[in-house]
Every structure is written in C-alpha cells, then in structure tokens.
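Engineer:
There are 2 protein chains.
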Amino acid sequence: MRQTNFPNRKLADVALGREPADLVIREGVLLDVYSGRMIPGRSVAVSGQWIAYVGADASHTIGRNTEVIEADGRIISPGYMDTHTHLAGCWDISDFLKYAIPGGTTTFITEAEAYACALGVEGFKAFLDQIGNRPVKMFGLIPAMVTLSPATESLAISRHDVQELLKDDRVLGIGESYWQNVVLNSNGRVMEMMREALKAGKSVQGHGAGAFDRKLAAYTAAGALSCHEAITSEDVLSRLEYGYYVMVREGDVRRDLEIIIPIKDDIDLRRVILVTDGVNPDLLIKEGYLVDVVQKAVDLGVDPIHAVQMVSINPAEHFGIDHFTGGVSPGRMADILILPEEGVMSPDMVLSNGVVVAINGETKVPLPKVPHPESLYHTLKIDPISEADLHIPLPEEGPEEYVRTIDIQPGGLVTREGKAEAQPLDGQYCAAPDRDLLKVVFLERATGKGERFVGFVRGWGQKRGAVAISQCWDCSGVLAIGAEDRDLVLAVNRLIEIQGGIVLTVEGRVEMEIPFAIGGYVSEMPIEEIARNMRRFQEAMAGLGSTLENAFLTMCTLASPAIPFIRIIEKGYRRFREDDIVGV
Amino acid sequence: MRQTNFPNRKLADVALGREPADLVIREGVLLDVYSGRMIPGRSVAVSGQWIAYVGADASHTIGRNTEVIEADGRIISPGYMDTHTHLAGCWDISDFLKYAIPGGTTTFITEAEAYACALGVEGFKAFLDQIGNRPVKMFGLIPAMVTLSPATESLAISRHDVQELLKDDRVLGIGESYWQNVVLNSNGRVMEMMREALKAGKSVQGHGAGAFDRKLAAYTAAGALSCHEAITSEDVLSRLEYGYYVMVREGDVRRDLEIIIPIKDDIDLRRVILVTDGVNPDLLIKEGYLVDVVQKAVDLGVDPIHAVQMVSINPAEHFGIDHFTGGVSPGRMADILILPEEGVMSPDMVLSNGVVVAINGETKVPLPKVPHPESLYHTLKIDPISEADLHIPLPEEGPEEYVRTIDIQPGGLVTREGKAEAQPLDGQYCAAPDRDLLKVVFLERATGKGERFVGFVRGWGQKRGAVAISQCWDCSGVLAIGAEDRDLVLAVNRLIEIQGGIVLTVEGRVEMEIPFAIGGYVSEMPIEEIARNMRRFQEAMAGLGSTLENAFLTMCTLASPAIPFIRIIEKGYRRFREDDIVGV
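Taken in sequence, the protein lines are chains A and B. Each residue of the first sequence is one higher than the one before, counting from 1 in this note's numbering. Each residue of the second sequence is one higher than the one before, counting from 1001 in this note's numbering.
(1) Report the neighbours of Y1053 (chain B) on chain A: residues whose CB is nearer than 7 Å to its CB, in chain order.
(2) Against H60 (chain A), what residues of chain B qualify as contacts under a CB-to-CB distance less than 9 Å, listed in chain order?
(3) Exposed or buried, what is T105 (chain A) when buried is set at 16 or more other beta-carbons lying within 10 Å of its beta-carbon?
(4) Just to check my reading of the structure: E250 (chain A) and V293 (chain A) have Cβ atoms closer than 8 Å, yes? What is that Cβ distance to the nearest angstrom?
(5) Check M1193 (chain B) in the structure and name its three-state DSSP category.
(6) Give a yes or no on whether the C-beta atoms belonging to R1452 (chain B) and L1443 (chain B) are separated by under 7 Å.
(7) Going by beta carbon distance, what residues of the same chain come within less than 8 Å of R1239 (chain B), once the five residues before and after it are set aside?
(8) Using a beta-carbon distance below 7 Å, is E317 (chain A) in contact with chain B?
(9) Is the separation between the beta-carbon of L1339 (chain B) and that of I1069 (chain B) shorter than 7 Å?
(10) Please tell me whether D268 (chain A) has its Cβ less than 7 Å away from any Cβ of chain B.
(11) Determine, using beta carbons only, whether Y245 (chain A) comes closer than 7 Å to chain B.
(12) Within 7 Å of any Cβ in chain B, is that where the Cβ of S546 (chain A) sits?
(13) Going along chain A in order, which residues have a C-beta closer than 7 Å to the C-beta of T1220 (chain B)?
(14) What does N1008 (chain B) touch in chain A if you count any residue whose Cβ is under 7 Å from its own?
(15) Considering only the alpha carbon of each residue, which of A:A551, A:R9, A:V365 and A:A531 lies closest to G461 (chain A)?
(16) Answer with yes or no whether the minimum CB distance from S233 (chain A) to chain B is below 7 Å.
(17) Let me check understanding here. Comparing Cα to Cα, which of B:V1279, B:R1574, B:E1192 and B:T1220 lies closest to T1147 (chain B)?
(18) Using a C-beta to C-beta distance shorter than 8 Å, which residues of chain B count as neighbours of I39 (chain A)?
(19) Using DSSP with H/G/I as helix, E/B as strand and the rest coil, what is Q1428 (chain B)?
(20) If you drop the 5 nearest sequence neighbours on each side, which residues of the same chain put their C-beta closer than 6 Å to that of G1103 (chain B)?
(21) Only counting the same chain, and skipping five residues up and downstream in sequence, which positions put a Cβ closer than 8 Å to that of S158 (chain A)?
(22) Using the beta-carbon of each residue, which ones in chain B are nearer than 8 Å to R271 (chain A)?
(23) Quick one: what's M81 (chain A) bridged to in DSSP?
(24) If you follow the beta strand (DSSP E) that P1040 (chain B) is in, where does it begin and where does it stop?
(25) Can you give, in chain order, each stretch of the alpha helix (DSSP H) that sits fully within the region 203-247 of chain A and has at least 4 residues?
(26) Alpha carbon to alpha carbon, what distance is there between V1029 (chain B) and S1312 (chain B)?
(27) With DSSP as the reference, label C1090 (chain B) as helix, strand or coil.
(28) Give a yes or no on contact between the region 53-65 of chain A and the region 1295-1315 of chain B, applying the rule of three or more CB pairs nearer than 8 Å.
(29) Anyone know if the C-beta pair for I267 (chain A) and G1327 (chain B) falls short of 7 Å?
(30) For V275 (chain A), write down the residues that DSSP places opposite it in a beta bridge.
(31) In angstroms, rounded to a whole number, what distance separates the CA positions of I1101 (chain B) and Y242 (chain A)?
(32) My output table needs one value for T66 (chain A): the three-state DSSP class, helix, strand or coil.
(33) How about the region 1173-1187 of chain B and the region 1149-1158 of chain B: do they share at least three Cβ pairs that are nearer than 8 Å?
(34) Pick helix, strand or coil for F6 (chain A), following the three-state DSSP scheme.
(35) Determine which residues share a DSSP beta bridge with M555 (chain A) and list them.
(36) Alpha carbon to alpha carbon, what distance is there between V46 (chain A) and F958 (chain B)?
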C-alpha cells in the first residue's frame, strides 16, 4: 500500500500549511492507540487517502475547498480491523461490505481457502481480484490447504506460485494451517510455505486448536505467528508466552470473547486481537460484524482504548502494516471513525482511505460487483452418479454385525467414531433412518476422476430425503447425507447440474435448492436472500427430523481436519487419533 | 535471518522430543516480554541457533550430548537490543564487542554515516562486511547523508544503490535524517529514500530534535517512524501520539532516561525504547554499554519487565524482526540472558545465536578482526596546504570593524552567531587568542578539489597551537581550529599524512597525534588505548586553555546539521535560521 509514490512531500506540505487539506475533522477527542490515551481537543487534516496532520489546531490546513467535519467533542478512533475472518465464501464481497462498513471495519484480512479448494491458485488469484480495489482495505492469505483429501491436495499452491504471490501487495502471508498436520505429520509442503512467508517478511497464521506445551511449542517453532483457537483464559496465556498474537474469536463458529475478562487487567494486551473468524449472513445482517464484538468487549468491562487497540494497532503491528494503518497519525492512511461518546463503539461516521464511506449506519459509496472468471462457474468436476455408485457391498464372507459410523456429537461439530448395528439387505449395507443411521457420501470434485466413499453417520436425525452440498471446508468435494439412495442420487446430480450449493431432495423430488455456483462456495444472491434461504433450509431440516442447531455448518465440517475426531474423505473414514483411513 | 532454510522441521522435532536439543537451560523464571509476566519453573531447549521449546519440563529434549545449564531459579530474559547507536566510527567492531557483549546486548542496530562520509556507498558496504558475520546480531541503516556540505552530498547513496541495499539482510532501513532538511528544505533525495524503505517493508529512522506540532507532523507524514530526540516527558507524549517509536537516549551525547519516569505509569510503553545513541570509549569501558541504561531504568523505579521490553520486544517489533528475536520463545533465535535476581540487570550468562558468548562479565567467543579494504585507508583527498591558504583577506575598501564568528555556547554543542572585534594585520583578518578569537577551517575531503573556508570561532579557549580532526559529523572534511596559522598548517598537513585522526600542534611541532586511518573515523588502536589517548588529548586541550568539557566532541559537531544554530562548511558559515551561507 505504501508504494514508492507515497506522497510524502505533499503530506508534509499540507501539515506545514503550504497546501490545503482535502478534509479536516475538527475538535474531537483522539483515541491514541499508541500511548493508550484519550487526548481532547484534536483535529485531523486529510490529504487524498492520507492523514497529513493531527494536532490542536488544523486551521492552517483549511483552504477554500477543504471539507470540514465537526467532531464536536466526539471520539476520533482508527477504523476497526478484522484480521481473522472467512470472506471468501458464501456471499459476494460487494454485498458483504454494504453490511460490514457502517459498523466501522475498514480493514479485512481474510482466509481464502474456498477459492483454492474450487480452483487452486487460479481460484485464489480470482479472489484477490475480488478484494483488490475496494473502498476499504482487504488483504488475502495464501491458503495452506491442509486437507484430508488427496484429490484436493492436487490443488495446493506450488512453491513457485507461493513465492510470486508473496510479492503481491494484496497478500499478507500464509493462512491458517492445522497444527497436527504440520507438526505431527511432517507436511513438508506447508513447512516450506511457512519458510517462504517468513523469508518474504510476511505473516504465518496459525491454528493451534487443542495444542499445548510441547505440541504447541513445536507448532510455534515451525513458524506460526498467530493463533485464534484459544478457548480458555489459560489458552490465551500459554499462547502469549510463546509469542503468538492471540486472536480471540467472537463470531459464527465460536464465541470466546469472555475468556479475556478474567485476565485482562493482569497482562500486557499488546498481542491480544479480537476477530470474528467469520460470520454467517444472518449474524451479519443482525449484528453488523466486528463492531458487535468491540461493543461486547466494552460492555464486559474492557477499557474502550484497549478494545480499540485489539482491533487496530495490535493486528496492524502483527501484520506489519502499522506504518500505514492502525492509528490516527500523520503518514497513515485516513481510516477513521467518529464515535458518538465513550463506551459507544458504533460509529456515527466512517472514513476509509480519506473518503466518507458510511454515515449513521448507511454505506455511502458505490460497491460495484467484480465479475468472476468463467472457469469458477465449472468447478464440480464430477459425472452424474447412479444408485449403484452408492452401494456399500457386504463382504464376501457375509455381513458384519456392526458398521463403523461417524457419530455427530451434541453441538454438531465434534464427531466420534461409532459402531452401529448393520442393516444388511440385498447384498448391501443400508441406511436405517428409523434408528438414525444414514448414509454419508464424499465425492471429490477436483480431479475429474470422481473418486468417492460411502459410509454411515449418526446424530444427523433426518428421517426422509437427502441433502448434498459443495461447501465442504478444506476439501474440494461434494458431501451428501441421506436416508434413501434415490434421494441421495437426485441431490448429488442436481447439485452437479447447478454447479454447487445446497440441494435437498425428498421422495424423489427436489424440495429445495440454493445455488452457490461460484466455485461451489459463493452465491450470487443478495445476502438477505441467502440468509432467508439458509433459515428455510434449517427449518426444512428440522421438519425432516434433524435436531442439529445448524445442520449446514455440521455438514460443511464433516470432511475438514479442523475438528476432531473422525471425518470422511474420498478414500474412507479419516481417523485422527489412529492417523489412518478405514472403511465401514 | 529467517532464511528459506530456517530449520522449522528440526525445531518442531526437538520440541516434540523426537530429536535431542543441543543445549537446555533448566528451571528458571521466564521473563515473558509478550504478556509482561514473570513465569516461574520454565526450561528452554535450544537447537543450533534456535529456541525449540520453552515450558515446564524440557527433559524430553535432553539427549546424551545435550549441554545442560542450571538456571536454578534465576531469571531467563531475552538479550538486550541497542537499536539506535553509532558503532561505525572510532573503534574496531571486534574490540567494541568484547566490552558490549558481557553486559547482555545481543542485537545492535547502528547508524553508519561515518563510512559513507568517508567513501560513499563503497564505505557503507565495507561497514556491512564488518558487522555481517559476528556472534551477535548486527544490522546497519543506510545513511541518509543529510549534510550541510555540497562536497559531501556527492557521496550520497544513489536511489539504485538504496534499492539494492534494502534487499540485504544486514540492512534494516534508512538511518536518521535531520527533519529540517527533509521537511522544510524539500530534500527530494531523502524523501525518495524514505519511500523506498517503506516500500521494501523496512524502517525509516527519524531525528525530530526540537520539532513539534505541525513541523513534527510534517516529518511524520514524510515517513519517519522513530525519534530519539525527545528531551522532555512532553516530547515523549507528543511523539507517541504521532505513532513514533520513541527512543530514549542514555549515552555519550545525551542522558535523558529520567524523562520517562513521570509518565511511565500512565501510558502504554509499547513504543518506548531505550538506546545509547552511542557511547565513547571511556563510557564503554567503565559502564559496559546498554546494561548500564537498563539498570538505571530499574533503579529509577521502572518495572524490570518493562525495562527489558524497552530493549527487546519493543525495538524488535519496531524493526519487524520480532518473529526471530526479541523474546524467549520457540522459533526465535536463542539470544538469552540469565540474570541473577529480580532487579539486577547485569547477566551471569549471555547466549547469542544459541552459543554461550559471555559468562560473569567475560566474553567467551573469539572476535576476529575483519580487514578493511585498502581504499578506506586513503580518504583524505586533499593536497597539503600552506599558510597562504588560511589567509582571510581584508576587503579592498579596508577592514570592517567586526568579523562574524561561531560562538560555542556553554555545554559545547550549541553555537550562536557572534560578532567579534576584527584583528586586521598585513591585509588579513587574524586570530586573537588573547581574547579567544581563533581561526576555524573546514576543508572538504570528498572530491579532491580541496575547497575550504576559513572563519572565526569563540568559546574554544585555546591559547596556543592548533588542532585538526577528520571525524566531522555528517561531513566529509577536515576541521581545524588554531591560534596560529603555522600550527594550523602543520596540524592539517600532518593529518593528511596520517590519513585521519586528531593532530595537535604547538609552536611548530606536533604535540600529539591519534591516528584514525580507516576512513578518517576509525582507529586501529585497542579501545583502552583510544580511551587513554582521548583523555590525554582532553588534558592537553585544557592545558592549552580550553574550558570545554569534551573539546573533541565539540569539534566533531561543528560542521553537522544536528545541532543549532551556525555551522561551518567549505562554502562558509551555514546559518540555520536564515537558511543561508555567509562569510566572515
């Protein structure tokens, strides 16, 4: 962002009063994130995208055409930064920003694994084009692509491409990589990516869920610089001790903000960061993104200065961008909020790159859509299947008494290996919806070879029909669960036809379909419509017997290494503790 | 430093206990600079140059050949970092390190303007070779070369060379640049260097002496990221507000540490750094470098954790090297101190890059000298002078009543313009030692053209003889002051013969000479001998009538833009307020 043409001469001249500013914010209380003070009586002069002057009196910078905004004793704060999130999935970025900007988030650093799962490096580059030219700052992280699926591994970004991408100003480093794979399983490719990122002076994002002591140390020694997987106060402390920037999540997947409350007064918070880790459309519409997290922190007793530091200068320092954003200071870009009063974190006005982008909750800049390349609309590289493809034949020596299952645990994310009484019929093991034994299918969609595995799942609850989705986390595939083979086939084949999304079939008909045709992850519908559809889907699932709170989310994670203990990929069940792949 | 071959796989394996550590420090109290806590019961495992594990029990990393050091309840601290200093002058680096290492300084980030004043980019590169391969971390900053002397300006490093140098791992950015020149006088060359450094993700060191409000804002907007010129508590606050890393000096030139005491409990200290700004040989020998500053901070009431943060993680973050040094954590280099007890900041043991480099005040590693290129021994490009070259002719219309002088103020650094009764004789203005009116000469030594100016100085005090030196700050020149022309000529000509240093002449003989033949700035004598000689020189000056506390330092600064208000260069007197050059 601070290119060689950074206008430092001009900014200096504006500060000196030799040239007029474009915009002046007059007479506010400066929230100084650097020294941790509130400084009354401060005005800010902006020239182009940049802050030229901050001080007691900016009148020397006001010319005939200078726009003057009266802060009038309100608080002048840096824009908020969400530095661990997942924006590369679900919605169109333009549509997302309409909701996120009014809450004061002016910098987004996002994972982008979905685009890489869809189309490898080509997909990631297409995502960079989505974020590169927005009225707010958006940066992407190169997906580490720690996947359980060998087919998906073929989409991993090569060392050469990583080196080239690290030179891109839109790229701030390597995205999250699950520690187990990196540290325990000797994933040389990810180790190499980490080295390249560190060598390039960029960041390495970590994912140390459940790791402590020697395993966490090993992951740290491998190069991870942040962790957003602390779920207790003790986790926060152990990660800080290892020099991590600890990103505390309060979003869609988990809400852990409260873990900092018991320790907030006893430690240096410089390496604590608040993040969303992504939100779903419903949460976005209702809560307005990161501002909700900042407000909650303040409501829980966090000093507002600390709360703002945790979403501005702390992450800016972590990502090495504090020389151009993260604070209201000369020579930084004008990413500024006017907050109504101490303790109220929702801004009256949002400036980004020197432009007023939102006032009183309304976005004030056009957010044109950026077209996706045609190739991203054809990423379900699978031929249609038939019922025969879903058969689980009995062993030649006759049926076993039990079959192996994935048992979804309460909460819907963690799974355990289970043993269910088999349901043999006509030479196959069958589903038994009456006792919650359903078929689960994973079809890889990366290679065109259509490799797949059919197993069993419990804890899903659906009594009739089938669901197929393409939004698997960390895997390029289609995942389907169903009570009946006919509905499973229909759901998968319809999903292939619409090239991604969610298809629900019941009794031989398509009951509902929600297209996510861009890479199989992103929908072209407006967010409100996505939210409405997702609610309808959840209601339909409940109507079909599912007891899960968020059936879609559960399904998304079933092939991902993010959550223990047993997952499904095209080769079979992947067991974490045993570190093996097994069949039914 | 974190090259692509960073051994992250091996470090992870050591952390996991799959491979033995090379060295383990057992059972200390970890000074955790990240969270600001003291954590008892910690052991550290080191593999090669790196820390692999930190935690409650490192016994799983101990193999047959692992060296075990018992911390035994003592404090395990990161090594100290001096990040604003002047090591590129005076002494040989090897010799310097012998004194600096036992006090626990394991990282040095130094200005290098002397080498550039001697030989431009070639000189700077020769300095990088001096620091590049030491048992401690040493980094150089590209000299901004803000000089008053047009001849010296010809040695400034070109944009192309700056771009190339910024790629060098030994280079962390652009060195200090005096704000007046950059901001007020439109020095486009330095503005461009700043942009290049920021573009390359490296640092821009500032020098905002006496600047505040709009002038300080202008300098900040130009790109300066640090300032080591705060001399009051208010200066600290105003610089922090502008996002500066504030480097508080306690060294040779100034001792300002106490300014942080009144504010230390009210502000976030994350951007406060303690530095020496360089020390002289005497101070180095007596006080042991940065450890003296850290100890003084603690003695003045600074929390030892904060004191260590101010010389470890704070500067490491500022320079973007915190991912490999600045804290005791896995994946960082093993730059570690064992401190005897809380509040005692002088280490029992110093590790650098995983090697024990000092024990109980004694350096334990060889420090071989690195030869300098032959060209650095021939940098006084001046032909010998004669008395006629020092004549200050009277105007044709007859002598003026007064001549213009540089009046050295008490303290020896600040000067003011003065007006002295002229001493006309034989068609010239002459010196009048009896009323402290001496000749001062500046001869540029960069171009070979030998341009020079002869003026007058008061406040120097010397009654007889003359002195010539080559160690002018920020200028490639020879500076001489004398009561008699004959002695002036002899001093300058002898200095040219020995190619730099200090020559004192009295009554037609060389009374004392101290050679600094490397670039005219660096002596090949051992530090003890330099210190002894400098003391002898000061005594000699006092004996000749000088009342200055440090006559050599006063002389060094007489051609530098660092200190107001009037200086001498080859073109005449350089006046700061008037921004002009004038004669006598």
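Idealized CB from N, CA, C, for every residue including glycine.
Structural biologist: Reading from the atomic positions:
(1) In the second sequence, residue 1053 (chain B) corresponds to position 53, counting from 1. Simply R214 and A217.
(2) Position 60 of the first sequence, counting from 1, holds the residue named residue 60 (chain A). Per Cβ cutoff of 9 Å: R1214.
(3) One-based indexing of the first sequence puts residue 105 (chain A) at position 105. Burial of T105 (chain A) is indicated by the presence of at least 16 other C-beta atoms within 10 angstroms of its C-beta.
(4) Residue numbering aside, residue 250 (chain A) sits at position 250 when the first sequence is read from its first letter. Residue numbering aside, residue 293 (chain A) sits at position 293 when the first sequence is read from its first letter. Rounded, the Cβ-Cβ distance is 4 Å, consistent with contact.
(5) In the second sequence, the residue the question calls residue 1193 (chain B) occupies position 193. In the structure shown, M1193 (chain B) sits in a helix (DSSP, three-state: H, G or I).
(6) Stepping through the second sequence from its first residue, residue 1452 (chain B) is reached at position 452. Stepping through the second sequence from its first residue, residue 1443 (chain B) is reached at position 443. Yes, they are a contact pair.
(7) Within the second sequence, residue 1239 (chain B) is the residue found at index 239, counting from 1. If we look at R1239 (chain B) and ignore the five residues flanking it on each side, its Cβ neighbours are G1208, L1216, C1227, A1230 and V1246.
(8) In the first sequence, counting from the first residue as 1, residue 317 (chain A) sits at position 317. Answer yes: the Cβ-Cβ gap between E317 (chain A) and chain B drops below 7 Å somewhere.
(9) Residue mapping note: residue 1339 (chain B) aligns to position 339 of the second sequence, counting from 1. Residue mapping note: residue 1069 (chain B) aligns to position 69 of the second sequence, counting from 1. Contact: no.
(10) As a working mapping, residue 268 (chain A) is identified with position 268 in the first sequence. Closer than 7 Å to some Cβ of chain B, the Cβ of D268 (chain A) qualifies, so yes.
(11) For the purposes of this step, residue 245 (chain A) is taken as residue 245 along the first sequence, with counting starting at 1. No, because no Cβ of chain B sits closer than 7 Å to the Cβ of Y245 (chain A).
(12) Position 546 of the first sequence, counted from the start, is the residue given in the question as residue 546 (chain A). Interface annotation, S546 (chain A): not in contact with chain B, CB-CB separation never under 7 Å.
(13) Your numbering for residue 1220 (chain B) matches position 220 in the second sequence. Correct list: S329, P330 and G331.
(14) Within the second sequence, numbered from 1, the residue matching residue 1008 (chain B) stands at position 8. Those are M191, M194, R195, A221, A222 and G223, listed as they occur along chain A.
(15) In the first sequence, residue 461 (chain A) corresponds to position 461, counting from 1. For the residues A:A551, A:R9, A:V365 and A:A531, the minimum Cα distance to G461 (chain A) belongs to A:A551.
(16) Start at 1 with the first residue of the first sequence, and residue 233 (chain A) comes out as number 233. No - not a single Cβ of chain B is within 7 Å of the one on S233 (chain A).
(17) As a working mapping, residue 1147 (chain B) is identified with position 147 in the second sequence. Minimum Cα distance to T1147 (chain B) is reached at B:R1574.
(18) For this step, residue 39 (chain A) is matched to residue 39 along the first sequence. Ordered by position in chain B, the residues that pass the 8 Å Cβ test against I39 (chain A) are E1241.
(19) Here the question's residue 1428 (chain B) lines up with position 428 in the second sequence. In the structure shown, Q1428 (chain B) adopts extended strand secondary structure according to DSSP, grouped into three states.
(20) On the second sequence, residue 1103 (chain B) is found 103 positions in, with the first residue counted as 1. Around G1103 (chain B): G1288, Y1289 and V1291.
(21) Mapped onto the first sequence, residue 158 (chain A) falls at position 158. Excluding residues within five positions, the ones whose Cβ falls inside 8 Å are V121.
(22) On the first sequence, position 271 is the one that residue 271 (chain A) refers to. Ordered by position in chain B, the residues that pass the 8 Å Cβ test against R271 (chain A) are Y1034 and S1035.
(23) Looking up residue 81 (chain A) in the first sequence gives position 81. A:T107.
(24) Reading the second sequence from its first residue, position 40 is the one you call residue 1040 (chain B). Taken as a continuous stretch (DSSP letters only), the beta strand (DSSP E) holding P1040 (chain B) covers R1037 to S1047.
(25) 213-222 and 233-241
(26) One-based indexing of the second sequence puts residue 1312 (chain B) at position 312. One-based indexing of the second sequence puts residue 1029 (chain B) at position 29. Roughly 17 Å separates the two Cα atoms.
(27) For this step, residue 1090 (chain B) is matched to residue 90 along the second sequence. Three-state result, C1090 (chain B): strand.
(28) no
(29) As a first step, residue 267 (chain A) must be located in the first sequence, where it is residue number 267. As a first step, residue 1327 (chain B) must be located in the second sequence, where it is residue number 327. Taking 7 Å as the Cβ cut-off, I267 (chain A) and G1327 (chain B) do not qualify as a contacting pair.
(30) Counted from its first residue, the first sequence places residue 275 (chain A) at position 275. Paired residue(s): A:R249.
(31) The count along the second sequence starts at 1 and reaches residue 1101 (chain B) at position 101. The count along the first sequence starts at 1 and reaches residue 242 (chain A) at position 242. Each residue's Cα considered, the two are about 26 Å apart.
(32) The sequence position of residue 66 (chain A) within the first sequence is 66, counting from 1. DSSP places T66 (chain A) in coil when its eight states are reduced to three.
(33) no
(34) Reading the first sequence from its first residue, position 6 is the one you call residue 6 (chain A). F6 (chain A) falls in the coil class under three-state DSSP.
(35) The residue labelled residue 555 (chain A) in the question sits at position 555 within the first sequence. Bridge partners of M555 (chain A): none, in fact.
(36) Limits of chain B in this structure are 1001 at one end and 1584 at the other, which puts residue 958 (chain B) out of reach.
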